[in-house]
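> Numbering-wise (UniProt numbering), the sequence shown opens with residue 1 and increments by one.
Glycine included, each C-beta is placed from N, C-alpha and C at the ideal position.
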Amino acid sequence: MSSHNPSTSPDLDLPSSSGSLASLVSLEKKRARDRRAQQRLRDKRNDRIVELERRVQELQGACNTLRQENALLRARQDDFVALVRSWDEGLSSVGRSGLPLSLDCENTSWGPSSLARQPPERPVWATIPWNVECTPDDEMQARWHKVNPDIIAASPKIPSPLDLLYGSKRNKLADLVHQDMRQWNLRDPECLASGWIMYAYAQWVNAPSEASYAQVPDFMRPIPEQRSRQHRACLDGFYWPQLRRNLILKQGQYSLPEVVGMYGCCGRVRWPWRESILVPGEDGEFSIRPEFYKTFMSIEGWGISRDFIRAYPELFEDLDVDAIAYELR
């Protein structure tokens with residue numbers, strides 16, 4: 001009879017194998033739980049980062065608004081101080097009671113005109129339009145209207161035409177203008193011409209100086225109504241001064257999103273269809289064709305389709321409609 005060794009019996013190995021399998025299953029479950037927990041943590045962290053980035057953008061927008069409001073308040077305070085000083089100078093021969101220090105009743109002329117003094121005028125380049133304050137999500141808010149001063153300082157005075165046509169990661173201001181232009185589905189001639197004009201205008205209105213004002217075309221420089229009547233900044237983008245005046249005076253009569261939207265589609269630069277607007281330089285860089293630049297930098301180089309004129313005839317009061325009307329050929 002053969003001897004039987006209990007230590008080598010297959011039946012006795014089953015409990016050990018079953019325990020190992022259970023341990024492996026338990027370990028895999030634990031690893032799965034750990035992976036899910038780690039994924040939840042990563043998701044929460046990513047959500048928190050997105051929320052913080054959104055909050056930072058909101059705070060940056062609020063800071064930019066406050067910075068511009070403070071600049072406007074400081075400018076008005078300077079005007080007020082200058083006005084008070086001018087009165088003091090004008091009343092140097094008048095006592096604090098308002099009576100002349102040396103009274104000559106026979107030769108003194110009494111009345112407001114004898115004491116009135118006009119407040120000093122600020123340089124024309126230092127007075128920007130009086131625009132309505134807009135929230136960052138306002139559909140009528142132009143991207144170039146309120147720009148961080150650091151962006152303006154970092155932007156070249158003369159932009160690359162390709163940056164205006166196709167956007168740019170290097171020139172943030174040109175990219176903002178490009179985004180505004182492209183929302184109207186403009187042809188390249190209108191996109192480049194309008195982008196060039198609004199780039200110069202944005203540099204001046206966000207950081208007023210005599211040099212930046214000189215870059216703004218004559219027809220785009222603010223008229224008195226833009227400085228004296230509060231209005232949306234989008235109305236400053238209409239090229240004809242009289243059209244801007246009529247819009248500002250009658251702005252309450254229209255749906256401005258509709259007016260601005262139609263104008264964006266109906267404004268035309270007087271440039272032949274399919275004619276080139278860029279020329280390559282010896283350095284391989286493209287520049288604006290001189291004839292095209294001369295065209296869009298003059299108000300005579302612009303026109304509006306008759307569709308817009310028929311839709312808003314009252315806005316063309318005191319304007320030569322036949323001279324303005326233009327259809328693409």
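On the CB-based measure, 16 or more other CB atoms within 10 Å of its CB, does Trp-273 come out buried or exposed?
Classification for Trp-273: exposed.
> Which same chain residues, not among the five before or five after Ala-207, have their C-beta less than 8 Å away from its C-beta?
The answer, listed in chain order, is Pro-149, Ile-152, Ala-153.
> Quick one: Cα of Arg-310 to Cα of Tyr-213, how far?
Roughly 34 Å separates the two Cα atoms.
> With burial defined as no fewer than 16 other Cβ atoms inside 10 Å of the residue's Cβ, what is the status of Leu-27: buried or exposed?
Exposed: under 16 other Cβ atoms inside 10 Å.
> By DSSP's criteria, Val-269 is part of a beta bridge. Which residues make up the other side?
According to DSSP, Val-269 bridges with Trp-302.
> Jot down the residue ranges of each uninterrupted alpha helix (DSSP H) in the segment 141-217, minimum 4 residues, whole runs only, in chain order.
Correct list: 149-154, 161-166, 172-182, 188-206, 210-214.
> Using the Cβ count rule (16 or more neighbours within 10 Å means buried), how would you classify Ser-194?
With 16 or more Cβ atoms within 10 Å of its Cβ, Ser-194 is classed as buried.
> Who are Leu-278's beta bridge partners in DSSP?
Looking at the DSSP assignment, Leu-278 forms a beta bridge with Ile-288.
> Whole angstroms is fine: what's the gap from Phe-219's alpha carbon to Gln-60's?
For Phe-219 and Gln-60, the distance between alpha carbons rounds to 33 Å.
> May I ask which residues mark the beginning and end of the alpha helix (DSSP H) holding Val-321?
Unbroken alpha helix (DSSP H) run through Val-321: 321-324.
> Go through its chain and collect everything with a Cβ distance to Asp-175's Cβ below 6 Å, but skip five positions before and after it.
Counting only Cβ-Cβ distances below 6 Å, and skipping sequence neighbours, we find Gly-167, Ser-168.
> On the DSSP bridge assignment, give the partners of Asn-131 in chain order.
DSSP lists His-231 as partners of Asn-131.
> Would you report the Cα separation of Lys-294 and Arg-45, rounded to the nearest angstrom?
So the alpha carbons of these two residues sit roughly 54 Å apart.
> Going along the chain, which residues of its own chain have a beta-carbon closer than 8 Å to the beta-carbon of Gln-179, five neighbours each way excluded?
Contacts found: Arg-143, Gly-167.
> If you check the beta carbons only, do Leu-164 and Tyr-199 fall under 8 Å apart?
Yes. Within cutoff.
> Less than 7 Å between C-beta atoms, sequence neighbours within five positions excluded: which residues of the same chain meet that for Gly-301?
Excluding sequence neighbours, Gly-301 sits near Val-269, Arg-270, Thr-295.
> Would you call Glu-285 buried or exposed, if buried means 16 or more other Cβ atoms sit within 10 Å of its Cβ?
Exposed: under 16 other Cβ atoms inside 10 Å.
> With Pro-129 and Gln-226 assumed to form a contact (beta carbons below 8 Å), what rounded beta-carbon distance in angstroms separates them?
4 Å between Cβ atoms; contact.
> Our contact map puts Arg-244 next to Leu-235 with C-beta atoms below 8 Å; I'd like the distance itself, whole angstroms only.
Correct: roughly 6 Å between the Cβ atoms.
> Out of Met-297, Ser-160, Arg-36, Leu-249, state which residue places its alpha-carbon closest to the alpha-carbon of Glu-317.
Nearest option by C-alpha distance: Leu-249.
> Roughly how many angstroms lie between the CA atoms of Val-321 and Tyr-312, to the nearest whole one?
Rounded to the nearest angstrom, the two C-alpha atoms are 12 Å apart.
> Apart from the five residues on each side of it in sequence, which residues of its chain come closer than 8 Å, Cβ to Cβ, to Gln-230?
Hits under 8 Å: Trp-130, Asn-131, Val-132.
> Work out the CA separation of Val-50 and Gln-39 for me, nearest whole Å.
Rounded to the nearest angstrom, the two C-alpha atoms are 16 Å apart.
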